[in-house]
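Numbering (the numbering used here), first residue to last: 11 to 158.
As structure tokens, this is what we get:
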């Protein structure tokens with residue numbers, strides 16, 4: 011949190027705890043989606059490509075493009091190749107897979123007074139759902155309602 015904040019800002023303990031709770035709730039959802047990608051390919055090892063595809067399947071398309079570009083450039087610099095046969099390059103046929111080969115242009119800055127929203131539109135507050143609610147199902151339902 012401190013890395014993204016101005017140098018002289020202070021972060022309250024409650025804010026740190028809230029972010030920790032959000033990460034603790036979101037991590038299992040992301041891992042579950044990545045493991046499902048592995049199961050579909052009959053693999054047992056979760057790779058960075060699986061995590062990026064899971065983010066795409068969860069609706070974080072803006073983050074997916076940037077992470078896929080970062081991963082591709084990292085691999086170019088390090089000279090490493092993906093270990094699994096399932097990569098983002100192969101996944102271009104997958105309808106929800108990120109387009110890695112295309113260069114990503116940085117998005118235009120938001121207009122003043124524009125409220126930014128992460129995730130699908132009109133999503134209920136996840137704190138109302140309870141500790142063991144399936145957040146993915148709620149997001150998919152909201153996404154389907156917005157598309158209709």
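Ideal Cβ placement from N, Cα and C applies to all residues, glycine included. Owing to the predicted nature of the structure, the values given are computational and were not obtained by experimental measurement.
First and last residue of the uninterrupted alpha helix (DSSP H) at residue i
i: residue 21; result: Neither: residue 21 is in no alpha helix (DSSP H) and is coded neither H nor E.
i: residue 56; result: Careful: residue 56 lies outside any alpha helix (DSSP H) and carries neither H nor E.
i: residue 81; result: 71–88
Beta-carbon separation (whole angstroms), residue i vs residue j, contact threshold 8 Å
i: residue 65; j: residue 40; result: 7 Å
DSSP state of residue i mapped onto helix, strand, coil
i: residue 15; result: coil
i: residue 51; result: coil
i: residue 39; result: helix
i: residue 65; result: helix
Euclidean distance between Cα positions of residue i and residue j
i: residue 49; j: residue 14; result: 35 Å
i: residue 31; j: residue 53; result: 30 Å
i: residue 79; j: residue 62; result: 11 Å
i: residue 19; j: residue 51; result: 46 Å
i: residue 60; j: residue 22; result: 34 Å
i: residue 35; j: residue 88; result: 32 Å
i: residue 101; j: residue 25; result: Unreliable placement is indicated for residue 101, whose pLDDT of 45 sits below 50; the coordinate value is still reported in the next sentence. Between residue 101 and residue 25, the C-alpha separation is close to 37 Å.
i: residue 84; j: residue 71; result: 20 Å
i: residue 43; j: residue 86; result: 27 Å
i: residue 73; j: residue 67; result: 12 Å
i: residue 45; j: residue 37; result: 12 Å
i: residue 150; j: residue 33; result: 20 Å
i: residue 77; j: residue 69; result: 14 Å
i: residue 56; j: residue 47; result: 8 Å
i: residue 58; j: residue 17; result: 31 Å
i: residue 154; j: residue 27; result: 32 Å
i: residue 29; j: residue 147; result: 22 Å
i: residue 107; j: residue 75; result: The pLDDT assigned to residue 107 is 46, lower than 50, so where the model puts this residue is not dependable; a value taken from the coordinates is nonetheless given after this. Computed Cα separation, rounded: 10 Å.
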